[in-house]
Amino acid sequence: MEAEAELGNLAGVRHVLLVLSGKGGVGKSTLAAELALALRHQGKKVGILDVDLCGPSIPRMLRAQGRAVHQCDSGWAPVFVGREQSVALMSVGFLLEKPDEAVVWRGPKKNALIKQLVSHVAWGQLDYLVVDTPPGTSDEHMAAVEALRPCRPLQALLVTTPQAVSVGDVRRELTFCRKAGLQVLGVVENMSGFTCPHCSECTNVFSRGGGEELARHAGVPFLGSVPLDPELTRSLEEGRDFIQEFPKSPAFPALTAIARKVLDGAAAHHS
Numbered sequence: 095m096e097a098e099a100e101l102g103n104l105a106g107v108r109h110v111l112l113v114l115s116g117k118g119g120v121g122k123s124t125l126a127a128e129l130a131l132a133l134r135h136q137g138k139k140v141g142i143l144d145v146d147l148c149g150p151s152i153p154r155m156l157r158a159q160g161r162a163v164h165q166c167d168s169g170w171a172p173v174f175v176g177r178e179q180s181v182a183l184m185s186v187g188f189l190l191e192k193p194d195e196a197v198v199w200r201g202p203k204k205n206a207l208i209k210q211l212v213s214h215v216a217w218g219q220l221d222y223l224v225v226d227t228p229p230g231t232s233d234e235h236m237a238a239v240e241a242l243r244p245c246r247p248l249q250a251l252l253v254t255t256p257q258a259v260s261v262g263d264v265r266r267e268l269t270f271c272r273k274a275g276l277q278v279l280g281v282v283e284n285m286s287g288f289t290c291p292h293c294s295e296c297t298n299v300f301s302r303g304g305g306e307e308l309a310r311h312a313g314v315p316f317l318g319s320v321p322l323d324p325e326l327t328r329s330l331e332e333g334r335d336f337i338q339e340f341p342k343s344p345a346f347p348a349l350t351a352i353a354r355k356v357l358d359g360a361a362a363h364h365s
């Protein structure tokens with residue numbers, strides 16, 4: 095009972111998965127949203143926690159911008175998205191007066207907000223809570239990890255692109271995971287090729303294989319590559335129904351395979 099009291103609102107969350115990237119611009123938030131949806135397609139109860147204070151983009155992706163967050167008996171009630179209202183979402187974006195305003199605060203205030211976001215949301219029963227973190231390894235990461243610490247084990251998934259520059263950044267992220275005691279489920283290579291909307295052929299715009307090489311060097315699993323789908327990107331930017339369009343995307347089979355590996359990895363770590 096003591097452990098449950100310590101967990102508070104996280105008591106019903108079975109797995110916490112932090113999505114990390116060494117730098118911005120690698121599609122981390124998109125991948126976090128896609129992975130959450132892929133896990134939902136596997137029949138799991140899923141929540142998304144967006145603690146990227148500088149760019150809370152997930153509400154816009156999932157057409158939830160401007161939704162009001164309500165208080166309930168045990169804290170903030172998450173916003174439910176999707177046609178079946180089946181994905182629970184909480185983002186710092188819901189708490190800003192203007193969704194586009196930047197959070198220009200000093201460290202302690204940011205850290206306090208992250209801790210509040212983690213502990214004050216009434217998630218209920220979830221199989222997976224996918225946490226979209228800021229790029230890099232900042233105080234905000236430590237604040238999120240510390241607030242989520244009662245949920246053991248904490249698992250991480252690292253996002254990189256095929257270029258070697260990004261690979262160097264992720265190497266630093268792996269060091270952070272080791273120091274913070276996070277279990278690394280594996281590396282995902284995003285934007286690994288461009289899928290032509292006309293003929294569906296996949297062309298490697300960037301160099302390839304960086305993510306796989308990194309995973310091999312680090313001794314962690316390589317979970318797969320996700321192609322760049324211009325239609326899906328447009329869907330996100332135009333606020334179309336990304337949740338409905340996602341299964342028709344060339345990225346969907348890749349993400350379904352990655353979601354299965356995440357489920358297997360999480361089960362292995364728990365057994």
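In the numbering used here, the protein residues as written are 95 to 365.
We put the CB at the ideal spot given by N, CA and C, even for glycine.
By how many angstroms is the C-alpha of residue j removed from the C-alpha of residue i?
i, j, result
"Thr255", "Arg354", "21 Å"
"Leu326", "Glu339", "7 Å"
"Glu234", "Ile337", "28 Å"
"Leu279", "Leu112", "10 Å"
"Gly323", "Val145", "The amino acid at residue 323 is misidentified as Gly; the sequence shows Asp. If I take the Cα positions, the gap works out to 25 Å."
"Glu332", "Met155", "9 Å"
"Pro150", "Leu133", "21 Å"
"Leu129", "Phe270", "22 Å"
"Trp170", "Leu357", "28 Å"
"Leu349", "Leu252", "14 Å"
"Leu190", "Lys209", "16 Å"
"Leu248", "Ala241", "11 Å"
Helix, strand or coil, according to DSSP, for residue i in the structure here?
i, result
"Pro150", "coil"
"His164", "strand"
"Gly275", "coil"
"Val239", "helix"
"Ser232", "coil"
"Glu178", "coil"
"Pro315", "coil"
"His214", "coil"
"Gly187", "helix"
"Arg334", "coil"
"Thr227", "coil"
"Ser329", "helix"
"Val356", "helix"
"Thr254", "strand"
Between the options, which has its C-alpha nearest residue i's C-alpha?
i, options, result
"Leu101", "Phe270, Gly218, Thr350 and Leu112", "Gly218"
"Ala345", "Gly318, Asp335 and Arg154", "Gly318"
"Pro315", "Pro244, Pro321, Leu322 and Glu306", "Glu306"
"Leu220", "Val253, Thr227 and Ala182", "Ala182"
"Cys245", "Val212, Arg266 and Leu251", "Val212"
"Ala105", "Leu349, His164, Ile352 and Arg243", "Arg243"
"Ser180", "Gly141, Val320, Ile208 and Ala241", "Gly141"
"Leu268", "Met184, Val282 and Ala312", "Ala312"
"Gly121", "Ile352, Glu283 and His135", "Glu283"
"Arg157", "Lys342, Leu349, Ala360 and Ser329", "Ser329"
"His135", "Pro347, Ala360 and Gly359", "Pro347"
"Met236", "Arg272, Arg265 and His164", "Arg272"
"Ser123", "Val225, Val215 and His214", "Val225"
According to the neighbour-count rule (16 or more other Cβ atoms, all chains shown, within 10 Å of its Cβ), is residue i buried or exposed?
i, result
"Cys166", "exposed"
"Ala309", "buried"
"Ser162", "Here residue 162 turns out to be Ala, not Ser, going by the sequence shown. It is exposed - the Cβ of Ala162 has fewer than 16 other Cβ atoms within 10 Å."
"Pro228", "buried"
"Pro153", "buried"
"Gly275", "exposed"
Between residue i and chain B, is there a C-beta pair that is closer than 7 Å?
i, result
"Lys122", "The question asks about chain B, but that chain is absent: this structure has only one protein chain."
Would you say the segment 172–181 touches the segment 200–207, given that touching needs at least three Cβ pairs under 8 Å? no
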